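Undergrad: Residues 1 to 681 in UniProt numbering are what the sequence shown lists, from first letter to last. Encoded as structure tokens, here's the structure I'll be asking about.
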Amino acid sequence: MSVDLRDLDSDQLQAATAPRGPVAILAGAGTGKTRTITYRIAHLIDQGFASPGRVLAVTFTNRAAGEMRHRLGLMGIGGVQARTFHAAALRQLRYFWPQVAGDLPWRLIDNKFSLVGRAARSLGIATDTENIRDLLGEIEWAKATLIAPDGYAERAQNRKTPEPPDKVAEVYRRYEELKTTPEGIGLDFDDLLLHTAGALENSSAIAEEFREQYRTFVVDEYQDVTPLQQRVLDAWLGERDDLTVVGDANQTIYSFTGATPDYLLNFSRKYPHATVVKLQRDYRSTPQVTNLANEVIGKATGRVAGTRLKLQGMRPAGPDPEFDSYEDEPSEARAVAGRIRSLLDKGVPAHEIAVLYRINAQSATFEQALADAGIVYQVRGGEEFFQRAEIRQAISQLVRVAQIDGLAGGERLTKVVAAALAPLGLTDTEPEGAQARERWQSLKALAELSEELVVATPDLDLNGLLRKLQERAAAKHPPTMEGVTLASLHAAKGLEWDAVFLVGLTDGMLPITHAIKAGQEQIEEERRLFYVGVTRAREYLYHSYAKARQEGGRANRKRSRFLDGIVADPDAVTTSRRPRTQRCRVCGKPLETPTAKVLGRCEDCPSDAGEGVFEALRQWRLATATENQVPAYIVFTDATLMALAEAMPESLEEMLSVSGIGPVKVQNFGEEVLEVLEQFR
Ligand code: ATP
Ligand code: MG
């Protein structure tokens, strides 16, 4: 076992090594929450406080669950159950069902949409796709919030509903009836959770058996737990409190499903003896990225905004985030592809690059541009890796080989795998042609995954490897592929890349139109989504939007309001004091030198700075430069100081419109500059 707690900082260590019992980590993006809980599990097991089979770790996606098992595996710990709420409930319900319902058959329903359609039709309600989707959304919200059909109309009074609330309630009731057929009871995903909680709540035999089995619980992304999931968690725990939760209220992005950060924020009220740890050091991103993230979330308003934590970027400095606008979407996509090409040329691996957008429909234009540029990509939520034809063939091939060489292990095993995959298309070099290349890419990913597993478990033989691959397939945990990722912001939660492109940042897309219509609370959720996007980047961060959809289309789109006050809008008619027509504001002559352009006046025209302001700024700059051990001009140039003295900005926002001052400067020095200027107002 190799649990090296030196991989954690002192705050993380406190959380990881806290005694058994309630622990909450409330911390911002990239501060190592997921890493810390993984180490906590490993530590509890390593020290003999818990045995692997008695730990249940809940994560938000199958992928995250797989990642956690993988990381634990690398520390030599196997057998921990890491699953989503749904996957865990499905497994438990399968096991306990005979005790709950005897031999009454049940099945997981996979046609919710058509059932809601039938329910709506039977009630004479419009059955166009959009209406059904909205009705289904309401039913899902109600179930996740523990509202039965009878209670719906009252609880939905302040909601924007696709039909009058009592009509939605009827559809909901009808849907529940339609699920059950002569073939058996139909359960949707939410029912799995409901029945699991019910089984534990109503049967002491089941509760006892379960609680004997699972004793330690860990929940990641706890800010996005629904009341229904919380009920399952409470049922799992019973009277016990061996629970570790981690989350970031500022990353609450699933409120529309009924999720709420309340449980996270009220954790220490529920468990007054809980160990509560806050983390601020951000190990994921450069200070340039964390500064921007702080600014984005700093503008949040409303309830959750009170939980602000300031991220402190721990990585070495990197490039400033960039912001670009384009005439139309295809141009935006081509420019993004071009930038990706230069990153690849610089040596950034393709799997370390992501293009993130608000809704899946935005991906098509970017897919096209990447394909045109010959850049391999995968769309998250696309076809499942383990379902691909070449991967299924490869696994069957490995099964055949295992019949004669099942005990091959170590380095030889890696060779055996490569030899088995070669006839299927895994050549030494990447082939030409899109299809052959795609096939090659997935086979290569499988070979690399096998190698990684062999290295992690030195005594693994081919039979064991096949078992591990099957586990990954069952957990829907594909290997990281050598391709650029395209994903929605929602799907990007918890993940990280060296380079992130946040695209399509228009008002109407982020925040999305229906959020704008719904009001401030929904707009705040969209802002958090933007914050999630920004904090996915380790080093390179690009923002872009297009003014029109089509080439030659009407340029009627505006950039996202979330950029206001963070970066100057080159397309807006500015009302700043800096003249746009680069002419001297004193004599009106065109400005020639860079200094004159920064100042907005000829260098020899009189300055209108107040007495002593420039000198005070210079003194402040000297002190700051000395303290930070950098040359003075790195803080601000003389021309910028003079421009500040003349413009006398009154807020950070106003300061951004002074030439030579970008968001990073404002973040680093803005407050101090305002303080200096304050003395002269
Ligand atoms: P999110 O809120 O986005 O889910 P998180 O708080 O879960 O973020 P992690 O994903 O655990 O953050 O960590 C972010 C990155 O920082 C990871 O690459 C992780 O390995 C690294 N990291 C975390 N803690 C440390 C540390 N003490 N030293 C070095 N790297 C660290
Ligand atoms: Mg995380």
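For each residue, glycine too, the CB sits at the ideal point set by N, CA and C. If you're wondering where the values come from, they're calculated on a predicted model, not measured in any experiment.
(1) Would you list the residues sitting across from residue 181 in a DSSP beta bridge?
(2) State whether the region 284-298 contacts the region 317-328, with contact taken as three or more CB pairs (one from each stretch) at a distance under 8 Å.
(3) Quick one: any contact between the region 220-231 and the region 250-263, if contact means 3 or more CB pairs under 8 Å?
(4) One question on the structure: do residue 697 and residue 647 come within less than 8 Å of each other, judged by their Cβ atoms?
(5) Under the assumption that residue 544 contacts residue 336 (Cβ atoms under 8 Å), give the Cβ distance between them as a whole number of angstroms.
(6) In the DSSP assignment, find the unbroken alpha helix (DSSP H) run with residue 731 in it and report its ends.
(7) Relative to the ligand ATP, is the shortest distance from any of its heavy atoms to the C-beta of residue 29 smaller than 7 Å?
(8) Use the C-beta contact count for residue 484: other C-beta atoms within 10 angstroms, 16 or more gives buried, fewer gives exposed.
(9) Round the Cβ separation of residue 38 and residue 15 to the nearest angstrom and send it over; I've been treating them as touching at under 8 Å.
(10) How would the residue list near the ligand MG read, in chain order, if you kept each one whose beta-carbon is closer than 7 Å to any heavy atom?
(11) Which residue's Cα is closest to the Cα of residue 132: 264, 156, 549 and 116?
(12) So for residue 615, helix, strand or coil by DSSP?
(13) Evaluate residue 427 with the Cβ neighbour count: other Cβ atoms within 10 Å of its Cβ, from every protein chain shown; 16 or more gives buried, anything less gives exposed.
(14) So what does DSSP say about residue 508, is it helix, strand or coil?
(15) For the alpha helix (DSSP H) containing residue 332, list its first residue and its last residue.
(16) Which residues in the same chain have their Cβ closer than 6 Å to the Cβ of residue 674, if we skip the five residues on either side of it in sequence?
(17) Going by DSSP, what residue range makes up the alpha helix (DSSP H) through residue 405?
(18) List the whole-angstrom C-beta distance separating residue 228 from residue 144, where the pair is believed to meet the contact cut-off of C-beta under 8 Å.
(19) Would you list the one or two residues that DSSP bridges to residue 322?
(20) Grouping DSSP H, G and I as helix and E and B as strand, with all else coil, what is residue 548?
(21) From 506, 520, 525 and 523, pick the residue whose C-alpha is nearest to that of residue 546; which is it?
(22) Which residues does DSSP pair with residue 590 in a beta bridge?
(23) Alpha carbon to alpha carbon, what distance is there between residue 503 and residue 362?
(24) With distances taken from CA atoms, which of 515, 331 and 532 is nearest residue 552?
(25) Which of the three DSSP states, helix, strand or coil, is assigned to residue 672?
(26) Just to confirm the assignment, what range does the beta strand (DSSP E) spanning residue 501 have?
(27) Could you give the C-beta distance for residue 146 and residue 231, rounded to a whole number, given that I count them as a contact under 8 Å?
(28) Apply the 10 Å Cβ neighbour rule to residue 391 and answer buried if 16 or more other Cβ atoms are within range, or exposed otherwise.
(29) Of the choices 459, 394, 293 and 614, whose alpha-carbon is the least far from that of residue 423?
(30) With a threshold of 8 Å, are at least 3 pairs of Cβ atoms found where one atom belongs to the region 117-136 and the other to the region 172-186?
(31) For the beta strand (DSSP E) that contains residue 485, what are its first and last residues?
(32) Out of 295, 3, 180 and 196, which one is the CA nearest neighbour of residue 664?
(33) Look up residue 413 in the DSSP assignment and say whether it is helix, strand or coil.
(34) Tell me whether residue 526 is buried or exposed, calling it buried when 16 or more other Cβ atoms sit within 10 Å of its Cβ.
(35) Would residue 169 pass as a contact of residue 152 if the rule is Cβ separation under 8 Å?
(36) Whose C-alpha, out of 497, 453 and 212, is nearest the C-alpha of residue 56?
TA: Short version:
(1) Translated into positions along the sequence shown, residue 181 becomes position 181. Answer by DSSP bridge pairing, in chain order: 184.
(2) Taking a contact to require three or more Cβ pairs closer than 8 Å, the region 284-298 and the region 317-328 qualify as touching.
(3) These segments touch.
(4) Outside the shown range of the chain (1 to 681) lies residue 697, about which nothing can therefore be said.
(5) Counting from one through the sequence shown, the residue named residue 544 turns up at place 544. Counting from one through the sequence shown, the residue named residue 336 turns up at place 336. Correct: roughly 7 Å between the Cβ atoms.
(6) Only positions 1 to 681 of the chain appear in this structure, which leaves residue 731 out of reach.
(7) As a working mapping, residue 29 is identified with position 29 in the sequence shown. Flag set: Cβ of residue 29 near the ligand ATP.
(8) Start at 1 with the first residue of the sequence shown, and residue 484 comes out as number 484. With 16 or more other Cβ atoms within 10 Å, it is buried.
(9) Here the question's residue 38 lines up with position 38 in the sequence shown. Here the question's residue 15 lines up with position 15 in the sequence shown. For residue 38 against residue 15, the beta-carbon gap comes to about 11 Å, at or over 8 Å, which does not count as contact.
(10) In chain order, the residues that have a beta carbon nearer than 7 Å to some heavy atom of the ligand MG are 33, 34, 220, 221 and 494.
(11) Walking along the sequence shown from the start, residue 132 turns up at place 132. It is 116.
(12) Residue mapping note: residue 615 aligns to position 615 of the sequence shown, counting from 1. DSSP places residue 615 in the helix class (H, G or I) of the three-state scheme.
(13) What you label residue 427 is simply residue 427 of the sequence shown in a count that begins at 1. Exposed, since its Cβ has fewer than 16 Cβ neighbours within 10 Å.
(14) As a first step, residue 508 is located in the sequence shown; it is residue number 508 there, counting from the start. Here residue 508 sits in strand by DSSP.
(15) Position 332 of the sequence shown holds residue 332. Residue 332 -> alpha helix (DSSP H) spans 329-346.
(16) Here residue 674 corresponds to residue number 674 of the sequence shown, with the count starting at 1. Excluding residues within five positions, none has a Cβ falling inside 6 Å.
(17) Counted from its first residue, the sequence shown places residue 405 at position 405. Residue 405 -> alpha helix (DSSP H) spans 389-405.
(18) Position 228 of the sequence shown holds residue 228. Position 144 of the sequence shown holds residue 144. In this structure residue 228 is in contact with residue 144, their Cβ atoms being roughly 5 Å apart against a cut-off of 8 Å.
(19) Counted from its first residue, the sequence shown places residue 322 at position 322. Bridge partners of residue 322: 542.
(20) Mapped onto the sequence shown, residue 548 falls at position 548. Strand at residue 548.
(21) For this step, residue 546 is matched to residue 546 along the sequence shown. Of 506, 520, 525 and 523, the residue nearest in Cα terms is 506.
(22) Numbered from 1 along the sequence shown, position 590 holds the residue referred to as residue 590. According to DSSP, residue pairing for residue 590 in a beta bridge involves 583.
(23) Position 362 of the sequence shown holds residue 362. Position 503 of the sequence shown holds residue 503. Straight-line Cα distance between these residues: approximately 9 Å.
(24) Locating residue 552 in the sequence shown gives position 552, counting from the first residue. Nearest C-alpha to residue 552: 331.
(25) For the purposes of this step, residue 672 is identified with residue 672 of the sequence shown, where counting begins at 1. It is helical.
(26) Counting from one through the sequence shown, the residue named residue 501 turns up at place 501. Per DSSP, the unbroken beta strand (DSSP E) holding residue 501 starts and ends at 497-502.
(27) Sequence index remark: in the sequence shown, residue 146 carries index 146 (1-based). Sequence index remark: in the sequence shown, residue 231 carries index 231 (1-based). Going by Cβ atoms, the distance from residue 146 to residue 231 rounds to 7 Å, so yes, they are a contact pair.
(28) For the purposes of this step, residue 391 is taken as the residue at position 391 of the sequence shown. Classified as buried, residue 391 has 16 or more neighbouring CB atoms from the shown chains inside 10 Å of its CB.
(29) Position 423 of the sequence shown, counting from 1, holds the residue named residue 423. Distance from the Cα of residue 423 is smallest, within the candidate group 459, 394, 293 and 614, for 394.
(30) Counting C-beta pairs closer than 8 Å gives three or more between the region 117-136 and the region 172-186, which meets the contact rule.
(31) For the purposes of this step, residue 485 is identified with residue 485 of the sequence shown, where counting begins at 1. Looking at the DSSP string, the run of the beta strand (DSSP E) that includes residue 485 is 484-488.
(32) Here residue 664 is taken as the residue at index 664 of the sequence shown, counted from 1. Cα-wise, what sits closest to residue 664 is 295.
(33) One-based indexing of the sequence shown puts residue 413 at position 413. Of the three classes helix, strand and coil, the one that applies to residue 413 here is helix, per DSSP.
(34) As a working mapping, residue 526 is identified with position 526 in the sequence shown. Under this definition residue 526 is a buried residue.
(35) The residue you call residue 169 lines up with position 169 of the sequence shown. The residue you call residue 152 lines up with position 152 of the sequence shown. Contact: yes.
(36) By 1-based counting over the sequence shown, the position of residue 56 is 56. If you compare the alpha carbons of 497, 453 and 212 with that of residue 56, the shortest gap goes to 212.
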